[in-house]
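Below is one structure; the comments refer to it alone.
Number of protein chains: 2
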Amino acid sequence: MASIQSGCNRCDKLTARGREVECEDCGLDPICAVLEYSEPESGVPEGILVRRQAVKRGETLFRRDQKFISFFAVKSGSFKAFVPQQDELDQIVGFHLAGELIGTEGMASGHYPYSVRALENSSVCELFLDRLPESGKALDEVQQAVIKLLGQEVAFNRELIASLVHQSAEQRIAGFILDIFRRLERRKMAEQGVTLTMSRGDIGNYLGLASETVSRVFTKFQNRGLLKLDHKMVWIQDLAVLEAISKQ
Amino acid sequence: MASIQSGCNRCDKLTARGREVECEDCGLDPICAVLEYSEPESGVPEGILVRRQAVKRGETLFRRDQKFISFFAVKSGSFKAFVPQQDELDQIVGFHLAGELIGTEGMASGHYPYSVRALENSSVCELFLDRLPESGKALDEVQQAVIKLLGQEVAFNRELIASLVHQSAEQRIAGFILDIFRRLERRKMAEQGVTLTMSRGDIGNYLGLASETVSRVFTKFQNRGLLKLDHKMVWIQDLAVLEAISKQ
DNA sequence: CGGGATCTTGACGACGATCAAACTTGGTGG
DNA sequence: CCACCAAGTTTGATCGTCGTCAAGATCCCG
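These protein sequences, in sequence, are chains A and B.
Going by my numbering, the residue at position 121 of the first sequence is 121; the numbering climbs one at a time, nothing skipped.
Going by my numbering, the residue at position 222 of the second sequence is 222; the numbering climbs one at a time, nothing skipped.
Printed below as a string of structure tokens:
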């Protein structure tokens with residue numbers, strides 16, 4: 001639909017290795033469509049939507065409690081969202097993959113509720129909400145979209161709570177792998193295998209497990225022929241059994 | 001502000017024992033204010049806001065996947081929200097106390113994402129969104145309010161995930177008691193002690209613990225002089241230590 | 001190519017689930 | 001009003017899962 005593969009004059013020196021998600025598969029696309037960004041020279045003022053900014057591995061996109069002025073879509077790469085803890089290790093609260101939005105939750109309170117850091121060399125599109133009225137487009141539609149997104153987020157988190165709290169390590173990890181796989185598949189970013197760009201420690205932190213446990217379960221799954229592992233690459237070999245495990 | 005203690009011609013035969021939350025302490029109050037419900041004979045059409053409906057203990061307010069047409073505020077009593085599981089026990093995803101809203105998450109998807117059942121004889125106010133345009137009031141303001149609420153919900157759930165997943169039984173239970181206490185206090189519904197209207201099993205289900213563990217930790221806390229228990233009543237005796245425990 | 005971070009695998013122990021039994025509570029009907 | 005029964009609560013004993021500590025292997029980045 002709204003393809004921008006040409007006509008983008010930014011970020012030519014993008015060093016990201018990862019494939020880019022197609023605009024039509026991107027979570028920001030509905031809003032881009034409203035803004036009529038399919039036309040390279042639409043009447044929309046400059047600076048509302050900044051496309052394809054490079055973010056290097058380890059770089060911070062924004063920090064918790066920073067003022068919310070924009071939200072992002074992942075064009076390529078991946079990110080982790082985390083709540084910095086004072087005395088402890090950071091608590092990871094989510095991962096953002098290609099095509100997914102980042103930071104919309106900040107719209108509600110006016111501040112980002114978590115920090116976000118790139119897991120690999122990545123790129124993002126950024127939408128500045130404060131300048132949206134200038135576009136002459138309806139803020140109402142964006143609001144509707146945000147309500148929908150927040151609703152989905154709430155639903156997802158409730159599922160997550162429901163499952164995390166009651167599930168064993170194997171169930172959590174099976175569910176995690178399937179979740180990542182499906183999210184990438186949905187954006188047409190999954191070949192046969194997918195790359196888990198986050199560390200075992202990150203996965204464990206997110207799922208409430210020790211990194212050793214993550215490692216152990218990974219090898220156990222591989223030994224049972226459920227998946228094939230090569231460092232950060234994963235190939236699912238028995239989807240049905242993995243689903244059965246994750247659903248307890 | 002918008003007090004309705006008189007002029008309400010409904011539910012005189014309300015059997016709820018519980019004290020009612022004051023309108024000024026109710027989560028629906030901002031919306032009631034917009035609707036100018038403070039005036040007994042405002043121009044607002046009948047049937048948009050239905051006040052103080054009795055809900056008997058064990059009665060279901062709405063079921064998961066039912067079409068969203070309205071949301072509720074708890075006027076008195078308490079409710080549990082749960083996702084019915086096919087083969088297993090239901091998964092409890094939250095509790096709703098006096099003054100709190102129920103069902104706003106359904107606004108996003110158009111369907112309630114969970115079922116809600118009364119834990120005791122209770123009463124609710126119900127706001128029908130489909131008839132709101134008739135009121136001539138701005139749907140926009142309600143939308144803003146909903147975005148804010150959903151944002152808070154997301155933030156709360158993320159905190160919950162962050163904590164639940166890594167915390168021990170004692171930490172979870174200390175946090176749970178403090179959460180309930182503060183929520184009731186905020187609505188001016190906490191005397192010295194509060195009533196935990198849900199069963200030990202419900203608490204355990206919600207926190208991902210066996211009911212026996214909940215029971216054990218309760219007695220342990222009592223023996224340490226952190227709180228006093230009398231069946232479902234709880235008096236907090238050492239807030240500081242409970243906080244210290246919950247914060248790990 | 002080197003060194004620090006990450007990953008894997010093993011041994012051990014603690015926390016909490018499960019099973020089991022006694023006791024209490026609250027709701028129902030005689 | 002009391003007896004009864006089902007549901008909920010408490011407490012004990014046992015066992016499995018997973019966190020912790022530790023050592024070695026491997027990888028990745030500069």
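From the three backbone atoms N, C-alpha and C, an ideal C-beta is built for every residue, glycine too.
In this text, all values refer to a predicted model and were calculated from it rather than measured experimentally.
Worksheet entry | Minimum Cβ-Cβ distance from ALA155 of chain B to chain A less than 8 Å | Start at 1 with the first residue of the second sequence, and residue 155 of chain B comes out as number 155. Yes, its Cβ sits closer than 8 Å to a Cβ of chain A.
Worksheet item: Should VAL234 of chain B and LEU196 of chain B be called a contact, given that it needs their Cβ atoms to be closer than 8 Å?
Response: Position 234 of the second sequence, counting from 1, holds the residue named residue 234 of chain B. Position 196 of the second sequence, counting from 1, holds the residue named residue 196 of chain B. Cβ atoms of VAL234 of chain B and LEU196 of chain B: closer than 8 Å.
Fill in: SER168 of chain B, enclosing alpha helix (DSSP H) - first and last residue
The residue given as residue 168 of chain B occupies position 168 in the second sequence. Segment: none, SER168 of chain B is in no alpha helix (DSSP H) and carries neither H nor E.
Worksheet entry | For ILE180 of chain A and GLU100 of chain A, the rounded distance between their alpha carbons | Counting from one through the first sequence, the residue named residue 100 of chain A turns up at place 100. Counting from one through the first sequence, the residue named residue 180 of chain A turns up at place 180. Straight through space, the alpha carbons of ILE180 of chain A and GLU100 of chain A are spaced by roughly 12 Å.
Worksheet item: Can LEU164 of chain B and LEU207 of chain B be called in contact, C-beta distance under 8 Å?
Response: Here residue 164 of chain B corresponds to residue number 164 of the second sequence, with the count starting at 1. Here residue 207 of chain B corresponds to residue number 207 of the second sequence, with the count starting at 1. Yes, the pair counts as a contact, with Cβ atoms nearer than the cut-off.
Worksheet item: Whose CA, out of B:SER123, B:PHE156, B:GLY225 and B:VAL83, lies closest to the CA of PRO250 of chain A?
Response: This structure does not reach residue 250 of chain A, given that chain A is present from 1 up to 248, and the question cannot be answered.
Worksheet item: Does any CB atom of chain A fall closer than 8 Å to the CB of GLY201 of chain B?
Response: The residue labelled residue 201 of chain B in the question sits at position 201 within the second sequence. No, GLY201 of chain B lies away from the interface with chain A (no Cβ there is under 8 Å from its Cβ).
Worksheet item: Is there contact between the stretch 58–65 of chain A and the stretch 158–176 of chain A, where contact requires at least three CB pairs shorter than 8 Å?
Response: no
Worksheet item: Which residues in the same chain have their Cβ closer than 6 Å to the Cβ of GLY175 of chain B, if we skip the five residues on either side of it in sequence?
Response: Counted from its first residue, the second sequence places residue 175 of chain B at position 175. Taken in chain order, the residues that qualify are SER246.
Worksheet entry | Cutoff 8 Å: LEU164 of chain A Cβ touching any chain B Cβ | Position 164 of the first sequence holds residue 164 of chain A. It does; some Cβ of chain B falls within 8 Å.
Discussion item. Beta-carbon within less than 7 Å of ASP238 of chain A's beta-carbon, same chain only, minus the 5 sequence neighbours each way: which residues are those?
Written reply: Position 238 of the first sequence, counted from the first residue, corresponds to residue 238 of chain A. Excluding sequence neighbours, ASP238 of chain A sits near GLY225 and LEU226.
Worksheet item: Listed from N- to C-terminal order along the chain, which residues in the stretch 89–113 of chain B have their beta-carbon within a distance smaller than 7 Å of any beta-carbon of chain A?
Response: GLN91, VAL93, GLU105, MET107, ALA108, SER109 and PRO113
Worksheet item: Per DSSP, what kind of secondary structure is ARG117 of chain B in: helix, strand or coil?
Response: For this step, residue 117 of chain B is matched to residue 117 along the second sequence. Correct three-state label for ARG117 of chain B: strand.
Discussion item. Can you confirm whether the stretch 24–31 of chain B touches the stretch 71–84 of chain B when touching is taken to mean that 3 or more C-beta pairs between the two stretches lie within less than 8 Å?
Written reply: yes
Item to complete: Just the C-alpha distance for ARG10 of chain A and GLU20 of chain B, rounded to the nearest angstrom, thanks.
Response: Here the question's residue 10 of chain A lines up with position 10 in the first sequence. Here the question's residue 20 of chain B lines up with position 20 in the second sequence. For ARG10 of chain A, the predicted structure reports a pLDDT of 34, less than 50, and the residue's modelled location is therefore unreliable. The matter cannot be settled from this model.
Fill in: Cα-Cα separation between VAL55 of chain A and ASN121 of chain A, rounded to whole angstroms
Here residue 55 of chain A corresponds to residue number 55 of the first sequence, with the count starting at 1. Here residue 121 of chain A corresponds to residue number 121 of the first sequence, with the count starting at 1. In a straight line, the C-alpha of VAL55 of chain A is about 6 Å away from that of ASN121 of chain A.
Worksheet item: Cβ of ALA210 of chain A within 7 Å of any heavy atom in the ligand ZN?
Response: No copy of the ligand ZN occurs in the structure displayed, which carries no ligand at all.
Worksheet item: Listed from N- to C-terminal order along the chain, which residues in the stretch 203–226 of chain B have their beta-carbon within a distance smaller than 9 Å of any beta-carbon of chain A?
Response: ASN205, TYR206, LEU207, GLY208 and LEU209
Worksheet item: Is DSSP giving GLN222 of chain A helix, strand or coil here?
Response: If you number the first sequence from 1, residue 222 of chain A lands on position 222. GLN222 of chain A: helix per DSSP, three-state reduction.
Worksheet item: What is the rounded straight-line gap between the Cα of GLY103 of chain A and the Cα of VAL146 of chain A?
Response: Mapped onto the first sequence, residue 103 of chain A falls at position 103. Mapped onto the first sequence, residue 146 of chain A falls at position 146. Near 11 Å, if we compare the C-alpha coordinates of VAL146 of chain A and GLY103 of chain A.
Worksheet item: Near ASP90 of chain A, which residues of its chain fall below 7 Å by C-beta distance, leaving aside the five closest residues on each side in sequence?
Response: As a first step, residue 90 of chain A is located in the first sequence; it is residue number 90 there, counting from the start. Cβ within range, chain order: PHE82, VAL83 and PRO84.
Worksheet item: Is it right to say ALA186 of chain B is buried, meaning 16 or more other beta carbons lie within 10 angstroms of its own, or is it exposed?
Response: Taking the first residue of the second sequence as position 1, residue 186 of chain B is located at position 186. The question names Ala, but residue 186 of chain B in the sequence shown is Arg. ARG186 of chain B comes out exposed.
Discussion item. Looking only at its chain, what residues have a beta carbon closer than 8 Å to the beta carbon of LYS188 of chain B, apart from the 5 residues adjacent to it on each side?
Written reply: On the second sequence, residue 188 of chain B is found 188 positions in, with the first residue counted as 1. Taken in chain order, the residues that qualify are VAL21, GLU22 and ASP25.
Discussion item. So, for VAL324 of chain B: in the same chain, excluding its five sequence neighbours on each side, which residues have a beta-carbon less than 8 Å away from its beta-carbon?
Written reply: In the structure as shown, chain B starts at 1 and stops at 248, and residue 324 of chain B therefore has no counterpart that could be examined.
Worksheet entry | For ILE249 of chain B, the residue or residues it bridges with in DSSP | Outside the shown range of chain B (1 to 248) lies residue 249 of chain B, about which nothing can therefore be said.
Worksheet item: Quick one: is LEU119 of chain A near chain B, going by C-beta distance under 8 Å?
Response: The residue labelled residue 119 of chain A in the question sits at position 119 within the first sequence. No, LEU119 of chain A does not count as interfacial toward chain B.
Worksheet item: In three-state DSSP terms, what is ILE48 of chain B?
Response: Residue numbering aside, residue 48 of chain B sits at position 48 when the second sequence is read from its first letter. ILE48 of chain B falls in the coil class under three-state DSSP.
Item to complete: Can you tell me which of the three DSSP states SER211 of chain B falls into?
Response: As a first step, residue 211 of chain B is located in the second sequence; it is residue number 211 there, counting from the start. Per DSSP, reduced to three states, the secondary structure at SER211 of chain B is helical.
Fill in: Same chain only: Cβ atoms within 8 Å of CYS8 of chain A, ignoring 5 sequence neighbours per side
The sequence position of residue 8 of chain A within the first sequence is 8, counting from 1. Residue confidence is low: CYS8 of chain A scores 36 on pLDDT, short of 50, so the model does not pin down where it sits. Its coordinate-derived value is still stated next. Cβ within range, chain order: ARG51 and ARG52.
Worksheet item: So what does DSSP say about ASP230 of chain A, is it helix, strand or coil?
Response: For the purposes of this step, residue 230 of chain A is taken as residue 230 along the first sequence, with counting starting at 1. Of the three classes helix, strand and coil, the one that applies to ASP230 of chain A here is strand, per DSSP.
Discussion item. Need the endpoints of the alpha helix (DSSP H) that ALA240 of chain A sits in, please.
Written reply: For the purposes of this step, residue 240 of chain A is taken as residue 240 along the first sequence, with counting starting at 1. Where ALA240 of chain A is concerned, the enclosing alpha helix (DSSP H) stretches over 239–246.
Worksheet entry | Beta-carbon neighbours of VAL83 of chain B, restricted to chain A and to distances below 7 Å | Position 83 of the second sequence, counted from the first residue, corresponds to residue 83 of chain B. Under the 7 Å cutoff, chain A gives ALA162.
Worksheet item: In this structure, does DSSP put CYS32 of chain B in helix, strand or coil?
Response: Residue mapping note: residue 32 of chain B aligns to position 32 of the second sequence, counting from 1. Under the three-state reduction of DSSP, CYS32 of chain B is assigned to helix.
Fill in: Reference SER199 of chain A; option with closest CA among A:ARG172, A:HIS231, A:THR219 and A:ALA190
In the first sequence, residue 199 of chain A corresponds to position 199, counting from 1. The option with the nearest alpha carbon to SER199 of chain A is A:HIS231.
Practice prompt. Taking MET107 of chain B and PHE68 of chain B to be in contact with their CB atoms under 8 Å, please state how far apart those CB atoms are, rounded to whole angstroms.
Written response: Counted from its first residue, the second sequence places residue 107 of chain B at position 107. Counted from its first residue, the second sequence places residue 68 of chain B at position 68. Rounded, the Cβ-Cβ distance is 6 Å, consistent with contact.
Worksheet item: Between ARG158 of chain A and chain B, is there a C-beta pair that is closer than 8 Å?
Response: Here residue 158 of chain A corresponds to residue number 158 of the first sequence, with the count starting at 1. Chain B contact via Cβ: present.
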